[in-house]
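Q:
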Amino acid sequence: METEKKTEAAIEAILFAMGDSVELDKIAAAVELSREETRKVIAGMMEKYQQEDRGVRIIELEDSYQMCTKSELYEYLIRIAKQPKKPVLTEVVMETLSIIAYKQPVTKLELEKIRGVKCDHAVNKLVEYGLVQEVGRLDAPGRPLLFGTTEEFLRHFGVQSLDELPSLNPVQIEDFKAEAEEEIQMKLEV
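Mapped onto my numbering, the consecutive letters of the sequence shown carry residue numbers 4 to 193.
1. Candidates Gly58, Lys9 and Glu75: which alpha carbon is nearest Ile45's?
2. Tell me the rounded alpha-carbon separation between His124 and Glu7.
3. Taking a contact to mean a Cβ-Cβ separation below 7 Å, would you say Tyr156 touches Leu134 in this structure?
4. Could you tell me how far apart the beta carbons of Ile81 and Met70 are, in whole angstroms, since I believe they sit closer than 8 Å?
5. Cα-Cα, which of Ala13, Gly47 and Thr110 is closest to Asn127?
6. Which one of Met97, Leu112 and Gln163 has the shortest CA to CA distance from Leu144?
7. Do you know how far the Cα of Leu18 is from the Cα of Ile83?
8. Give the DSSP-derived three-state secondary structure of Tyr68 in the structure shown.
9. Which of the three DSSP states is assigned to Arg57 in this structure?
10. Alpha carbon to alpha carbon, what distance is there between Lys116 and Phe160?
11. Out of Asp66, Tyr79 and Glu35, point me to the one whose CA is closest to Arg58's CA.
12. Flag Tyr132 as yes if its beta-carbon sits less than 7 Å from any beta-carbon of chain D, otherwise no.
13. Does the Cβ-Cβ distance between Val34 and Ala20 come in under 7 Å?
14. Helix, strand or coil, according to DSSP, for Val95 in the structure here?
15. Closest by CA to Val138, which one among Pro169, Ala104, Glu55 and Ser37?
16. Between which two residues does the beta strand (DSSP E) carrying Leu109 extend?
17. Would DSSP call Phe160 helix, strand or coil?
18. In angstroms, rounded to a whole number, what distance separates the CA positions of Glu39 and Ile30?
19. Does Thr72 pass the burial test, meaning 16 or more other C-beta atoms within 10 Å, or should it be called exposed?
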């Protein structure tokens, strides 16, 4: 009995992890049973899932099996899929956002000078998340876009205006400048 439960658990894990249909031969080889024994175990699992009115079921597709959601529960999946996803701000994106918040309006070129690397991806992500927007164009050759923060940025960080952002410590700013200059010198010497 314990071996049967372990086999069922192994089959369930395989079908869950694979997502797509898995051939009976592959399942049988993985659980070290014959095709017929494996088919019996899966048939038993299918029956249990149905009797227990579970949210998932196992279906058979041309000598393969797949775990999937019961179709009568799709409305719940649709509800969860419609919920907005909370953006994840990586270190690079946060750094770019910080520069925009304190230096706005700012061009990508200015951002790249400060960061020392391309910022296209980070700026695009911030625009996608609604934290940054185009606020105009610089009156210079090529008329580059200027970027600034949005109301969503203020909401997201719990401030009513940019004046409420923490002030930068002048000593830290000088330290950052010195570090950046050292880094540039090291790169130039190489």
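The C-beta atom is built at its ideal place from N, Cα and C for all residues, glycine as well.
Here the structure is a predicted model, which means the values were calculated and not measured.
A: Here's the rundown:
1. On the sequence shown, position 42 is the one that residue 45 refers to. It is Lys9.
2. The residue labelled residue 124 in the question sits at position 121 within the sequence shown. The residue labelled residue 7 in the question sits at position 4 within the sequence shown. Distance from the CA atom of His124 to the CA atom of Glu7, rounded to whole angstroms, is 51 Å.
3. One-based indexing of the sequence shown puts residue 156 at position 153. One-based indexing of the sequence shown puts residue 134 at position 131. In the sequence on display, residue 156 carries Phe and not Tyr. Their beta carbons are under 7 Å apart, which means Phe156 touches Leu134 by this criterion.
4. Residue 81 sits at position 78 when you count from the first residue of the sequence shown. Residue 70 sits at position 67 when you count from the first residue of the sequence shown. Not really, about 19 Å apart at Cβ, beyond 8 Å.
5. For this step, residue 127 is matched to residue 124 along the sequence shown. Residue Thr110 is the option with its Cα nearest to Asn127.
6. Here residue 144 corresponds to residue number 141 of the sequence shown, with the count starting at 1. Here residue 144 turns out to be Pro, not Leu, going by the sequence shown. Nearest C-alpha to Pro144: Leu112.
7. Indexing the sequence shown from 1 puts residue 83 at position 80. Indexing the sequence shown from 1 puts residue 18 at position 15. Computed Cα separation, rounded: 23 Å.
8. By one-based count along the sequence shown, residue 68 stands at place 65. Under the three-state reduction of DSSP output, Tyr68 falls in the strand class.
9. On the sequence shown, position 54 is the one that residue 57 refers to. Residue state, collapsed to three classes: coil.
10. Residue numbering aside, residue 160 sits at position 157 when the sequence shown is read from its first letter. Residue numbering aside, residue 116 sits at position 113 when the sequence shown is read from its first letter. Inter-residue distance for Phe160 and Lys116 is about 26 Å (C-alpha atoms, whole angstroms).
11. Taking the first residue of the sequence shown as 1, we reach residue 58 at position 55. It should be noted that the sequence gives Gly, not Arg, for residue 58. Among Asp66, Tyr79 and Glu35, the Cα nearest to that of Gly58 is on Tyr79.
12. The structure shown contains no chain D; it is built from a single protein chain.
13. Taking the sequence shown and counting its residues from 1, one reaches residue 34 at position 31. Taking the sequence shown and counting its residues from 1, one reaches residue 20 at position 17. In terms of Cβ geometry, Val34 and Ala20 do not form a close pair [threshold 7 Å].
14. Here residue 95 is taken as the residue at index 92 of the sequence shown, counted from 1. Here DSSP, grouped into helix, strand and coil, assigns Val95 to helix.
15. One-based indexing of the sequence shown puts residue 138 at position 135. The residue with the shortest Cα to Cα distance from Val138 is Ala104.
16. Here the question's residue 109 lines up with position 106 in the sequence shown. Before going on, a small fix: residue 109 reads as Val here, not Leu. Val109: not part of any beta strand (DSSP E); DSSP gives it neither H nor E.
17. Your numbering for residue 160 matches position 157 in the sequence shown. Phe160 falls in the coil class under three-state DSSP.
18. Counting from 1 along the sequence shown, the entry for residue 39 is found at position 36. Counting from 1 along the sequence shown, the entry for residue 30 is found at position 27. Answer to the nearest angstrom: the Cα atoms are 11 Å apart.
19. Mapped onto the sequence shown, residue 72 falls at position 69. Thr72 should be labelled exposed.
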